[in-house]
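Engineer: full-length UniProt numbering numbers the first residue of the sequence shown as 1 and each following residue consecutively.
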Amino acid sequence: MAIRFFMPTRFVWRTQHSFKKLVLLCLFFGWQVSFAHAEATNNSLTLNAALKRAIELNPSLKVFEFRNSALSGQMQIAALKPAYELGIDAENFSGADELSGFDGAELTVSLSSALEMGDKRAARLGIVSNSRSVIDAQRQVESLELLGEVTRRYVDALAAQEQVTLAREANRLANETLNIVRRRAKAGAAPEAEVKRALAAASQAGLTLQSTQQQLNYLKVSLAALWGEKTPNFVTLEGDLYHFDTDIEFDSLFAKMEKNPAILIFAAEERLKDAELRVATTQSKADVSWSLGVRRFQANDDSALVAGFSMPLFSGRRNTGAVSAARAQRNEIYVQKEVALLSMHTQLFRAFHNRKQAILAAKTLQSTIIPALRDALKETQTAYERGRYGYLDYVSARQELLNAQRTLIEAAASALTYGAEIEQLTAEPLSSTLYSVSSDFSGTVQ
């Protein structure tokens, strides 16, 4: 089964709605899978269908709608100018002698606000705008992780489906062996102990079959849970577990990995930290508070205007620490990016070489080991029926073949799992040369 992360011709992810459309385009046109049918039937499921369901229905992606809604509210708050304040003051009333009652009172009605200096409002809006870019980048990363997890669980379930097929074959061989041993025992060519051993082996094969069927059922439930289903509505999974594409050089894969949204998200975070640094810098310029009003003098029945302003002193010096902290947080992003690149390089290197080893093991088992063991089993069975080999030789030959077939399934599943991991890291198919269109992927958020 060829499982590929394939992105269409270079694109830029812009908004929440265009993001969803692009992901669906990846599902319909990008994910290339070697399946007999493009869509799932009533009782079967393809990888494309599983990916589509997960993207549309997985709850983990729905949180981004609420996060974007929250940012819309924050954008409204950031766009607000300083509020106006209405003030009413009363002085020199309810005193003694001439100031008793309100005869000598002074009443003031004023309006006050502040003048923001240093373009603080634009700086606040920049934080919210860049926060939206970070959220969009996070959605890209989580979507790729979700697609990778769907692929891994699908491969696990497909491998378990092959294990069930193998367990049925093992059960058939065990019962066939039991029948052969019984015939030899009736003919007096084998002791009754061999019949009991063969009967025990057949019972164990039946238990193994039941166990693998239970494991397959669990993996189906685990897969269906990715799109919110508690009970799978499919019976079988479609796919060729033993089809492997040729890959490309490691250096080319690493170059593509640097364009992965998991790395590009640091660019969005850098822009956010730059915006936070601009906000911190604007705080170095003090705002000017002003007030304007009318004062009423009750003693002589006169009125006059009152005005005033105030501003804190030494704001730049007092704000030095906040600017330094914001600059340090921005520089920390650079280090985090380098750490992420090193970690992903190690992960890519491990997946790349483990995949090559798994493919080599699977092909060797298919071409050499399993055909030889299958021929050996036939010859051993014939020789056992003729009395030339003992029961242990016959059972050992059968078990060696089953073990090799089981190892083949595990190697094939490992190769596909590592391949999916590589494609998730690079956000591109392993065999890009198989396609005529460009697979240049850009996760830039604008």
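Cβ coordinates follow ideal geometry from the N, Cα and C atoms, glycine included.
Alpha carbons only, please: which of A114, E194, G228, F93 is nearest the one belonging to L61?
Structural biologist: Sequence index remark: in the sequence shown, residue 61 carries index 61 (1-based). Closest option to L61, Cα to Cα, is G228.
Engineer: Using the rule of at least 16 other Cβ atoms within 10 Å of the residue's Cβ for burial, across every protein chain shown, is A90 buried or exposed?
Structural biologist: By one-based count along the sequence shown, residue 90 stands at place 90. Answer is exposed; the Cβ neighbour count stays below 16.
Engineer: Residue ranges of each beta strand (DSSP E) run of no fewer than 3 residues wholly in the segment 227-307, ordered along the chain?
Structural biologist: Listed in chain order, the complete beta strand (DSSP E) runs (minimum 3 residues) inside the segment 227-307 are 288-297.
Engineer: For L209, does the three-state DSSP call read helix, strand or coil?
Structural biologist: For the purposes of this step, residue 209 is taken as the residue at position 209 of the sequence shown. Helix, per DSSP.
Engineer: Hey, could you find the ends of the beta strand (DSSP E) S131 is sitting in?
Structural biologist: For this step, residue 131 is matched to residue 131 along the sequence shown. Run containing S131: none in the beta strand (DSSP E); it sits in the alpha helix (DSSP H), 120-186.
Engineer: For T15 and R278, I'd like the C-alpha separation in whole angstroms.
Structural biologist: To locate residue 15, count along the sequence shown from 1; it is residue 15. To locate residue 278, count along the sequence shown from 1; it is residue 278. Confidence at T15 is low in this model, with a pLDDT of 38, below 50, so the placement of that residue should be treated as unreliable; the coordinate-derived value is given next. Answer to the nearest angstrom: the Cα atoms are 25 Å apart.
Engineer: Helix, strand or coil for L216 per DSSP?
Structural biologist: In the sequence shown, the residue the question calls residue 216 occupies position 216. Three-state result, L216: helix.
Engineer: Leaving out the 5 sequence neighbours to the left and right, which residues in its chain are closer than 8 Å to N58 when beta-carbon positions are compared?
Structural biologist: The count along the sequence shown starts at 1 and reaches residue 58 at position 58. Same-chain partners within the cutoff: L146, L226, W227, G228.
Engineer: What is the DSSP secondary structure of T426, reduced to helix, strand or coil?
Structural biologist: Locating residue 426 in the sequence shown gives position 426, where the first residue counts as 1. Helix.
Engineer: Any contact of the segment 384-401 with the segment 336-347, i.e. 3+ C-beta pairs under 8 Å?
Structural biologist: No, they do not touch.
Engineer: Please tell me whether T426 and L241 are closer than 7 Å, where the distance is taken between their beta carbons.
Structural biologist: Along the sequence shown, one-based indexing puts residue 426 at 426. Along the sequence shown, one-based indexing puts residue 241 at 241. Cβ atoms of T426 and L241: not closer than 7 Å.
Engineer: Taking L80 and R132 to be in contact with their CB atoms under 8 Å, please state how far apart those CB atoms are, rounded to whole angstroms.
Structural biologist: What you label residue 80 is simply residue 80 of the sequence shown in a count that begins at 1. What you label residue 132 is simply residue 132 of the sequence shown in a count that begins at 1. Contact flag wrong, Cβ pair sits at about 18 Å.
Engineer: Helix or strand or just coil, what does DSSP make of F29?
Structural biologist: Taking the sequence shown and counting its residues from 1, the one referred to as residue 29 is at position 29. Note that F29 scores a pLDDT of 34, beneath 50, so its modelled location is shaky and nothing firm can be said.
Engineer: According to DSSP, simplified to helix, strand and coil, what is F93?
Structural biologist: The count along the sequence shown starts at 1 and reaches residue 93 at position 93. Three-state result, F93: coil.
Engineer: Take every Cβ of the segment 198-209, pair it with every Cβ of the segment 249-265, and state whether three or more of those distances are shorter than 8 Å.
Structural biologist: Judged by Cβ distances under 8 Å, the segment 198-209 makes no contact with the segment 249-265, as fewer than three pairs qualify.
Engineer: State the Cα-Cα distance for the pair E428 and A326, rounded to the nearest angstrom.
Structural biologist: The sequence position of residue 428 within the sequence shown is 428, counting from 1. The sequence position of residue 326 within the sequence shown is 326, counting from 1. Going by the C-alpha atoms only, they are around 36 Å apart.
Engineer: Which class does E400 belong to by DSSP, given the choice of helix, strand or coil?
Structural biologist: For the purposes of this step, residue 400 is identified with residue 400 of the sequence shown, where counting begins at 1. In the structure shown, E400 sits in a helix (DSSP, three-state: H, G or I).
Engineer: Let me know the secondary structure DSSP gives G321 once reduced to three states.
Structural biologist: If you number the sequence shown from 1, residue 321 lands on position 321. It is helical.
Engineer: So what's L80 in DSSP terms, helix, strand or just coil?
Structural biologist: In the sequence shown, the residue the question calls residue 80 occupies position 80. Note: L80 maps to coil in three-state DSSP.
Engineer: How big is the Cα-Cα spacing for L237 and T417?
Structural biologist: Numbered from its first residue, the sequence shown carries residue 237 at position 237. Numbered from its first residue, the sequence shown carries residue 417 at position 417. Going from the Cα of L237 to the Cα of T417 covers about 16 Å.
Engineer: Note down, in chain order, each residue of its chain lying with its Cβ closer than 6 Å to the Cβ of A383, except the 5 sequence neighbours on either side.
Structural biologist: Taking the sequence shown and counting its residues from 1, the one referred to as residue 383 is at position 383. Hits under 6 Å: Y389.
Engineer: How big is the Cα-Cα spacing for E221 and K230?
Structural biologist: Residue numbering aside, residue 221 sits at position 221 when the sequence shown is read from its first letter. Residue numbering aside, residue 230 sits at position 230 when the sequence shown is read from its first letter. Checking the sequence shown, residue 221 turns out to be Val, not Glu. Roughly 7 Å separates the two Cα atoms.
Engineer: Nearest to P312 by alpha carbon, out of G73, L209, W290, L86?
Structural biologist: Your numbering for residue 312 matches position 312 in the sequence shown. Selected option, being the one with the closest Cα: W290.
Engineer: Please classify L107: does DSSP put it in a helix, a strand, or coil?
Structural biologist: For the purposes of this step, residue 107 is taken as residue 107 along the sequence shown, with counting starting at 1. L107 falls in the strand class under three-state DSSP.
Engineer: What ranges does the beta strand (DSSP E) occupy inside the segment 362-390, keeping only unbroken runs of at least 3 residues that lie completely in it?
Structural biologist: None, since the segment 362-390 contains no complete beta strand (DSSP E) of that length.
Engineer: Per DSSP, which one or two residues make a beta bridge with F309?
Structural biologist: Indexing the sequence shown from 1 puts residue 309 at position 309. Answer is W290, bridged to F309.
Engineer: Given a cut-off of 7 Å on the beta-carbon distance, is the pair A322 and A361 in contact?
Structural biologist: As a position in the sequence shown, residue 322 is number 322, starting the count at 1. As a position in the sequence shown, residue 361 is number 361, starting the count at 1. Cβ atoms of A322 and A361: not closer than 7 Å.
Engineer: Could you tell me the alpha carbon to alpha carbon distance between F35 and I369, rounded to whole angstroms?
Structural biologist: Within the sequence shown, residue 35 is the residue found at index 35, counting from 1. Within the sequence shown, residue 369 is the residue found at index 369, counting from 1. In this prediction, F35 scores a pLDDT of 37, lower than 50, which makes its location untrustworthy; the coordinate-derived value is nonetheless stated afterwards. Rounded to whole angstroms, F35 to I369 spans 27 Å at the Cα level.
Engineer: Three or more beta-carbon pairs under 8 Å between the segment 263-279 and the segment 132-141, yes or no?
Structural biologist: The segment 263-279, when compared against the segment 132-141, does touch it at the 8 Å Cβ threshold.
Engineer: From which residue to which residue does the alpha helix (DSSP H) around E56 run?
Structural biologist: As a position in the sequence shown, residue 56 is number 56, starting the count at 1. E56 -> alpha helix (DSSP H) spans 47-57.
Engineer: Kindly confirm or deny that the segment 409-416 and the segment 159-166 touch, where touching means at least three C-beta pairs closer than 8 Å.
Structural biologist: Result yes; three or more Cβ-Cβ pairs closer than 8 Å.
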